[in-house]
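Residues in the sequence shown are numbered consecutively from 150, following the working numbering.
Have a look at the structure below before the remarks.
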Amino acid sequence: DPALDAAIAAPSRTKANAQRDGARHPAASLLFWGLKPGETVIEVAPGVGGYWFEILAPYAKATGGRYIAAIREIDLKDRAKFTGGDLYGNVSFTVFGQTSGPLGPANSADLVLTARNIHNWMWVPGMAEKSMRDFFAVLKPGGILAVEEHRADPRQQVPEARDGYVAVATVVDLAKKAGFVLEAGSEINANPKDTKDHPFGVWTLPPIRRDAPSGQPP
């Protein structure tokens, strides 16, 4: 997909995000998730780094699609990151959170992407379940829920995935209860060097590189 290649290679991307491409394989990941030109894509909780936003928003503009950032209501005042004039086109916003309403009109999105978020939602009672229901409701029949997550397997998942690693079965079960059917999984981003036994969980690893308990000095 030339438009996707161009979005990934764009000089407008931040250096920190581009340096992560070797670990996150954006082209292979997005093609696996079924991204196509002209689609309506909702990215849920894109985060302050905006890794996928920097690729998906220009891609949507170039192909006549639509990019929607689903962010917490508290973040709406800080959405300058997701605007860039002609660079990103007409970026839209919707609210996503523990008590939010629908992400958009029913059956209106082609692709919903959530990257490294599910472990956080598991810490809030009912949040992971609500999230899946919201995703299912906004997707068109045959639409795709794309999940990128730190995988606990083959090690057992710790309670509430407090170290950031989630079992595949946990995600699949949550999705199936909301009405989804598993289409496929991928080893594109698998890292055989990850021992999953880091002192501060996944936050010990890049790009966070935490070296002290949360809230404590480095």
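Think of the CB as a built atom: it goes at the ideal place given N, C-alpha and C, for glycine as much as any other residue.
Taking C-alpha atoms, which residue in E332, G187 and A156 lies nearest to L236? A156
What did DSSP end up calling V287 once you bin it into helix, strand or coil? helix
Using C-beta distances below 7 angstroms, list every residue in its chain close to G313, excluding the 5 sequence neighbours before and after it, in chain order. H268, H299, G350, V351 and W352
Classification of D283 by the beta-carbon crowding that lies within 10 angstroms, buried from 16 upward: buried
Is the separation between the beta-carbon of A173 and that of P356 shorter than 8 angstroms? Correcting the residue identity first, residue 173 is Arg in this sequence and not Ala. No; because the gap between Cβ atoms is not below 8 angstroms, this pair is not in contact.
Grouping DSSP H, G and I as helix and E and B as strand, with all else coil, what is V244? strand
Determine the extent of the alpha helix (DSSP H) in which I204 is found, giving its start and end residues. F202 to T212
Output the distance between the C-alpha atoms of A333 and N239, rounded to the nearest integer angstrom. 31 angstroms
The stretch 203 to 213 touching the stretch 275 to 293, judged by at least three CB pairs closer than 8 angstroms: no
Please name the residue in T163, A176, E192 and Q247 whose C-alpha comes closest to that of L368. A query on residue 368 cannot be resolved here, the shown segment of the chain reaching from 150 to 367 and no further.
Can the beta-carbon of V287 be found closer than 8 angstroms to that of A258? yes
How would you call E361, buried or exposed, if buried means at least 16 neighbouring beta carbons within 10 angstroms? In the sequence as displayed, the identity of residue 361 is Ala instead of Glu. With fewer than 16 other Cβ atoms within 10 Å, it is exposed.
Could you check what DSSP says for I337 in three-state terms: helix, strand or coil? coil
Using only the alpha-carbon positions, how far apart do Q306 and A316 sit? 6 angstroms
Within 10 angstroms of the Cβ of L331, are there 16 or more other Cβ atoms? Answer buried if so, exposed if not. exposed
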